[in-house]
Each structure stands twice: as structure tokens, then as C-alpha cells.
Amino acid sequence: MPELPEVETVKNGLKPIIGSKLKGFIVHKDGWRKPVPVDKLTAQIGKPITDTYRRAKWPALVFEDGCLWMHLGMSGQIRLFNSDKNLPPLEKHDHIELFFEDGKVIRFKDERRFGIVAWTDHPYSEPPSSEKLGPEPFDPEWDDSYFYKQLSQYKTPIKPFIMNAKIVVGVGNIYASEALFLARISPLKPANTLTKHDAANLRGKIIQVLQAGIKGGGSTLKDHRMANGEIGDYQNSHTVYGKEGRPCVVCGTPIVKITQATRSTFYCPSCQSD
DNA sequence: CTAAATACCTGATGGC
DNA sequence: TGCCATCAGGTATTTA
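Just so we're aligned, residue 0 is where the first sequence starts under numbering that gives the first Met the number 0, counting upward by one.
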């Protein structure tokens with residue numbers, strides 16, 4: 000599911016858990032890419048959630064002395080139930096359950112198990128990403144001159160470039176194609192060939208599509224769910240992603256699908272010509 | 001150092 | 001109906 004808008008939607012939907020104290024948990028299935036931090040979580044029993052948080056595509060439950068991260072991988076869902084009475088039956092890939100003293104329950108489901116459950120000491124710490132993460136797209140630190148300077152240093156095609164979390168976090172395969180379409184920039188264009196005007200334009204469109212995605216509750220292609228189980232809406236606003244062969248909404252030219260860095264890219268070869 | 005390829009895992013879909 | 005190949009929101013690790 001999860002690019003920035005989907006993770007932000009999940010994080011916001013988990014807000015009602017703030018103030019609830021952890022009562023216990025069950026790991027129905029372990030054997031993830033990283034082991035579930037059972038000892039760290041056990042140490043939090045009796046302690047309250049103080050906030051919910053997001054950094055890049057990592058959502059977290061914040062405790063007084065650390066963060067429980069639940070990265071959603073490609074197919075993860077985090078569901079919040081207000082009462083342990085009349086809980087729906089456990090589903091096949093509900094792998095972890097958190098129980099709270101007030102009866103609330105959080106279930107982490109992940110069919111493909113590309114997700115990661117991890118603990119870091121200190122609230123609002125950086126997530127356990129393997130590489131140092133770049134700036135948040137909505138952070139004023141990520142401005143036009145910073146972005147342009149980054150662009151000028153690499154010849155990587157712009158589409159995989161903006162998906163690189165070292166450059167800016169949160170942009171995944173859907174929103175990268177959508178932002179480039181709005182900016183009328185070819186996904187194949189080398190990063191260092193963008194002008195200052197292109198950079199400012201693209202930065203604005205990235206922010207625009209991410210904000211619109213959040214407003215729409217994220218894009219549900221298959222797995223994305225809000226914390227209350229509802230699907231997102233923003234897939235209905237996609238202009239190019241998944242639209243291969245369909246007419247461009249601007250000029251009518253059929254949308255083309257190509258592969259870049261092993262990922263599908265969709266674009267209008269007319270509006271987004273080199 | 002960068003950049004590209006591969007691996008991780010389950011399930012849906014389409015061709016034959 | 002079955003079997004095989006391909007593809008899917010991401011990222012950590014390996015290979016060049």
C-alpha cells in the first residue's frame with residue numbers, strides 16, 4: 000500500500016490510541032525481514048502511547064521512551080478496533096496484535112511480509128532505515144535551491160531519482176508518475192538536465208499530489224486501508240498510473256507504460272516529451 | 001563513492 | 001482445470 004499519503008492516512012487514523020496503555024501482545028507469525036522486537040515491546044506493557052508519528056514511509060506508535068515502527072512494506076495494513084468485545088475474526092495475515100488496557104486492539108496485517116516491525120529508543124527518533132533519510136517533502140528545508148542542487152549532481156533518470164529516499168522521502172511508484180505528468184516532464188529525462196524552472200515546477204507538483212493523496216485518504220489499489228478499515232479514494236484521481244493505453248486527459252495520446260529500475264512507469268509521450 | 005540488479009514473500013491474473 | 005510466467009504500493013543487500 001504505502002507511499003507517504005497512505006502512511007500519513009494510517010498514522011492519523013491511529014490517533015484514538017493516544018493515551019491507551021499497552022496490556023499485552025501476540026505475535027501470531029514471526030520470521031520477518033527483521034525479528035519482531037519482543038523484549039522491547041514487553042518492556043512497554045503498562046505504559047501509554049503518547050502519540051502517533053510518521054517519518055518517510057514509516058508509521059510509528061510513540062511511547063514515552065521509544066518508537067514502535069510498523070513499516071507496511073507493499074501490502075501492510077494497521078487496523079484499530081475500539082473494543083475487544085465483538086472483535087471480527089482474525090484474518091489469515093493478521094500477524095501481530097496489540098491489546099490495550101481500555102479494550103482497544105491494534106492488528107498488523109501484511110500478506111507479503113515485506114513489512115518491518117522495529118523498536119528505536121527515544122520518541123520521534125529516526126526510523127531504522129538502512130540509509131540516512133532525506134528531507135520530508137513538506138519540510139521547508141526541502142526548497143527549490145536544495146532540490147536543484149541535488150538534481151544537478153546526478154544523471155539518473157528523474158523518475159527513479161525522485162523515488163530515492165536519500166533525495167526526498169515519501170514519493171513512491173504511483174505518486175512519482177503522477178507528479179511528473181502534472182509537471183509535464185519526461186520520466187526518462189536525466190536529473191541533471193532539469194532547469195531551475197523544471198526543479199521548482201516538479202517540487203511543487205510532488206507536494207501537490209502528495210497533499211491531494213492525503214486529502215483523498217490515500218490510493219487503494221488492493222491492500223491499502225485506513226485504520227478504521229475504509230479504503231482510500233485517491234486511486235480515482237490517478238491520471239497516468241495504471242492507465243496504459245488510455246487517452247491522456249490533456250491531449251488524448253495513449254498513455255505508455257515502460258520499465259525503469261525494475262518498476263513500471265506511466266506517462267504521456269506527447270505531454271511529457273524530452 | 002554511485003548505480004544497477006537481486007532478494008525478500010504471497011497472491012492475482014493471463015496465456016496456453 | 002492446471003501449470004507457468006509475470007506483475008504488484010518498498011527497501012535491504014549484493015554486485016558491478
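Beta carbons: idealized from backbone N, C-alpha and C, even for Gly.
Given the structure is predicted, the values throughout are model-derived calculations rather than measurements.
For residue i, the nearest candidate out of the options (CA to CA)
i    : options                   : result
D120 : D38, V104, K84 and F180   : D38
G30  : Q43, W57, G102 and I95    : I95
L181 : F80, P126, T155 and Y240  : Y240
E2   : I157, R183, E135 and C267 : E135
A117 : K108, S128 and E110       : S128
I173 : H237, M225 and I166       : H237
P156 : P126, K148, K165 and L193 : L193
V9   : T41, V26 and K108         : K108
V6   : M225, Y153, A175 and Y233 : M225
I184 : Q271, Q234, N235 and I206 : Q271
I25  : T41, K14, N11 and G12     : T41
P15  : R111, D197, P268 and T51  : T51
K165 : A55, H223, S124 and C267  : A55
R262 : K158, G45, Y145 and S124  : K158
Endpoints, beta strand (DSSP E) assigned at residue i
i    : result
T258 : V255 to Q259
P58  : W57 to F62
S263 : R262 to Y266
DSSP state of residue i mapped onto helix, strand, coil
i    : result
V208 : helix
I213 : helix
Y52  : strand
P47  : strand
L3   : helix
G290 : With the chain represented from 0 up to 273, any question about residue 290 goes unanswered, as that position is not in the structure.
P283 : Since the first residue of the chain shown is 0 and the last is 273, residue 283 is not available in this structure.
K241 : Inspection of the sequence shows that residue 241 is occupied by Gly rather than by Lys. Three-state result, G241: coil.
P15  : helix
G251 : coil
G203 : helix
Delimiting residues of the alpha helix (DSSP H) encompassing residue i
i    : result
D29  : No alpha helix (DSSP H) holds D29; DSSP gives it neither H nor E.
T41  : V37 to T41
A182 : N172 to A182
Contact test: residue i Cβ vs the ligand HEM heavy atom, cutoff 7 Å
i    : result
D273 : Inclusion of the ligand HEM in the displayed structure is not the case, the ligand content being empty and no account of it being possible.
> Considering only residues of the stretch 67-144, which uninterrupted beta strand (DSSP E) runs meet the minimum length of 3 residues and lie entirely inside it, listed in chain order?
Replying inline: 75-80, 93-99, 104-109 and 115-120
>> Three Cβ pairs or more, each shorter than 8 Å: is that satisfied between the stretch 207-216 and the stretch 59-79?
In response: no
> Counting pairs of Cβ atoms below 8 Å between the stretch 30-37 and the stretch 74-83, do you hit three or more?
Replying inline: no
> Using 8 Å as the Cβ pair cut-off and three pairs as the minimum, do the stretch 232-251 and the stretch 13-28 touch?
Replying inline: No, they do not touch.
> Counting Cβ pairs, one atom from each stretch, are 3 or more of them under 8 Å apart for the stretch 129-147 and the stretch 96-103?
Replying inline: no
> Does the stretch 43-63 come within contact of the stretch 78-96, defined as at least 3 CB pairs closer than 8 Å?
Replying inline: Too few Cβ pairs lie closer than 8 Å, so no.
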